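The block underneath contains the structure these notes are about, expressed in structure tokens.
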Amino acid sequence: NAGVTQTPKFQVLKTGQSMTLQCAQDMNHNSMYWYRQDPGMGLRLIYYSASEGTTDKGEVPNGYNVSRLNKREFSLRLESAAPSQTSVYFCASSEGGSSYNSPLHFGNGTRLTVT
Amino acid sequence: GENVEQHPSTLSVQEGDSAVIKCTYSDSASNYFPWYKQELGKRPQLIIDIRSNVGEKKDQRIAVTLNKTAKHFSLHITETQPEDSAVYFCAATLYDYKLSFGAGTTVTVRA
Chain A
1 NAGVTQTPKF QVLKTGQSMT LQCAQDMNHN SMYWYRQDPG MGLRLIYYSA SEGTTDKGEV
61 PNGYNVSRLN KREFSLRLES AAPSQTSVYF CASSEGGSSY NSPLHFGNGT RLTVT
Chain B
1001 GENVEQHPST LSVQEGDSAV IKCTYSDSAS NYFPWYKQEL GKRPQLIIDI RSNVGEKKDQ
1061 RIAVTLNKTA KHFSLHITET QPEDSAVYFC AATLYDYKLS FGAGTTVTVR A
């Protein structure tokens, strides 16, 4: 039981390049999330998927897109990376559904640097 | 949306002493208040949570109190140990997907 798995762990991009961050969970959770973590700003929600087949914007969605590929997988895409997107990205999942207010389970994070 | 403020931003305590972190929230409809601990270079992990129908919850050396009238909640760590050194985040929400986090408190336990 791996929990939430994110890839890659580290990535360096040049401004304007694109990339996709992958996330998969094996806990049969309904809800999945992408957060970014910046010093002194806590964790900010980029996008979430309350259930398979749905996605919605969070607090800071500009510059990102997501795909809920199936119940297990939720990817985050940067179409044209900018230095302001340098951050640590965390994927998370929760039971969701009728069990709202369930704990978040986080992946190990992706440290992204855009030069 | 929800706005969560967390204080202090850094906290240094002597081993064995207590640590207290306080958070305030803006949305009176919020009813779920989790606390996450993040060790250096690791993922955030839930350490305790409380729901609005409860005023206090304890789990060994950690406790959380909630004052819904004043819209604030606090984390208390007693008999601190070196392994308690980490960043602690409070959060508040009505629904999972509306979880708003505080900016975090870096706790250092001095031996």
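If you're matching them up, the sequences are chains A and B in order.
So the first sequence is residues 1 to 115, counted in my numbering.
So the second sequence is residues 1001 to 1111, counted in my numbering.
Ideal Cβ placement from N, Cα and C applies to all residues, glycine included.
Predicted model, so just to flag it, every value in this text is computed and none were measured.
>> With a threshold of 7 Å between beta carbons, is residue 106 of chain A in contact with chain B?
In response: Here residue 106 of chain A is taken as the residue at index 106 of the first sequence, counted from 1. Closer than 7 Å to some Cβ of chain B, the Cβ of residue 106 of chain A qualifies, so yes.
>> Assuming contact is defined by CB atoms lying nearer than 7 Å, are residue 1023 of chain B and residue 1054 of chain B in contact in what I supplied?
In response: Here residue 1023 of chain B corresponds to residue number 23 of the second sequence, with the count starting at 1. Here residue 1054 of chain B corresponds to residue number 54 of the second sequence, with the count starting at 1. Going by C-beta atoms, residue 1023 of chain B is not nearer than 7 Å to residue 1054 of chain B.
> Checking contacts by CB at 7 Å: is residue 1104 of chain B closer than that to chain A?
Replying inline: Numbered from 1 along the second sequence, position 104 holds the residue referred to as residue 1104 of chain B. Output row for residue 1104 of chain B: interface = yes.
> Using a Cβ cut-off of 9 Å, which residues of the stretch 1028-1062 of chain B contact any Cβ in chain A, in chain order?
Replying inline: So the list reads 1031, 1032, 1034, 1036, 1038, 1041, 1042, 1043, 1044, 1045, 1046, 1049, 1051, given in the order they occur along the chain.
> Counting only beta-carbon atoms, is residue 1089 of chain B nearer than 7 Å to chain A?
Replying inline: Residue mapping note: residue 1089 of chain B aligns to position 89 of the second sequence, counting from 1. Taking Cβ atoms only, chain A reaches closer than 7 Å to residue 1089 of chain B, which makes this a yes.
> Per DSSP, which one or two residues make a beta bridge with residue 1050 of chain B?
Replying inline: As a working mapping, residue 1050 of chain B is identified with position 50 in the second sequence. In DSSP, residue 1050 of chain B forms a bridge with B:1033.
>> Please list, in chain order, the chain A residues whose beta carbon lies closer than 7 Å to that of residue 1101 of chain B.
In response: For this step, residue 1101 of chain B is matched to residue 101 along the second sequence. Residues of chain A passing the Cβ test: 42, 43.
> Which word fits residue 2 of chain A, buried or exposed, when buried means at least 16 other C-beta atoms lie within 10 angstroms of its C-beta?
Replying inline: Reading the first sequence from its first residue, position 2 is the one you call residue 2 of chain A. It counts as exposed.
>> Suppose you measure from the CA of residue 1009 of chain B to the CA of residue 1104 of chain B; what does that come to, to the nearest Å?
In response: In the second sequence, the residue the question calls residue 1009 of chain B occupies position 9. In the second sequence, the residue the question calls residue 1104 of chain B occupies position 104. Between residue 1009 of chain B and residue 1104 of chain B, the C-alpha separation is close to 6 Å.
> Just curious, the beta strand (DSSP E) that residue 112 of chain A is in, first and last residue?
Replying inline: For the purposes of this step, residue 112 of chain A is taken as residue 112 along the first sequence, with counting starting at 1. Per DSSP, residue 112 of chain A is one residue of the beta strand (DSSP E) stretching across 110-114.
> From which residue to which residue does the beta strand (DSSP E) around residue 1067 of chain B run?
Replying inline: Position 67 of the second sequence, counting from 1, holds the residue named residue 1067 of chain B. Counting along the chain, the beta strand (DSSP E) containing residue 1067 of chain B begins and ends at 1062-1067.
>> Looking at residue 51 of chain A: is its Cβ nearer than 7 Å to the Cβ of residue 30 of chain A?
In response: For this step, residue 51 of chain A is matched to residue 51 along the first sequence. For this step, residue 30 of chain A is matched to residue 30 along the first sequence. Inclusion of residue 51 of chain A and residue 30 of chain A in the CB contact set at 7 Å is warranted, their separation being smaller than that value.
> For residue 8 of chain A, which residues in chain B fall below 7 Å Cβ to Cβ?
Replying inline: The residue labelled residue 8 of chain A in the question sits at position 8 within the first sequence. The premise fails here: residue 8 of chain A is roughly 15 Å from chain B at the closest Cβ pair, so nothing lies under 7 Å.
>> With distance defined between alpha-carbon atoms, name the residue in B:1048, B:1098, B:1083 nearest to residue 1089 of chain B.
In response: As a working mapping, residue 1089 of chain B is identified with position 89 in the second sequence. For the residues B:1048, B:1098, B:1083, the minimum Cα distance to residue 1089 of chain B belongs to B:1048.
> So what does residue 1024 of chain B bridge to, in DSSP terms?
Replying inline: Taking the second sequence and counting its residues from 1, one reaches residue 1024 of chain B at position 24. In DSSP, residue 1024 of chain B forms a bridge with B:1005, B:1072.
> Is it right to say residue 1110 of chain B is buried, meaning 16 or more other beta carbons lie within 10 angstroms of its own, or is it exposed?
Replying inline: Residue numbering aside, residue 1110 of chain B sits at position 110 when the second sequence is read from its first letter. Classification of residue 1110 of chain B: exposed, given that the 10 Å Cβ count is below 16.
> Does DSSP put residue 1059 of chain B in a helix, a strand or coil?
Replying inline: Start at 1 with the first residue of the second sequence, and residue 1059 of chain B comes out as number 59. Note: residue 1059 of chain B maps to strand in three-state DSSP.
>> Can you check which of these residues, B:1044, B:1069, B:1020, is closest to residue 1063 of chain B by C-alpha distance?
In response: Taking the first residue of the second sequence as 1, we reach residue 1063 of chain B at position 63. Checking every option, the nearest Cα to that of residue 1063 of chain B belongs to B:1020.
> Is the stretch 6-25 of chain A touching the stretch 104-113 of chain A, taking contact as three or more C-beta pairs under 8 Å?
Replying inline: Remark: three or more beta-carbon pairs, one from each stretch, lie closer than 8 Å, so the stretch 6-25 of chain A and the stretch 104-113 of chain A are flagged as touching.
>> Could you tell me the alpha carbon to alpha carbon distance between residue 79 of chain A and residue 1040 of chain B, rounded to whole angstroms?
In response: Within the first sequence, residue 79 of chain A is the residue found at index 79, counting from 1. Within the second sequence, residue 1040 of chain B is the residue found at index 40, counting from 1. Those two C-alpha atoms are separated by around 30 Å.
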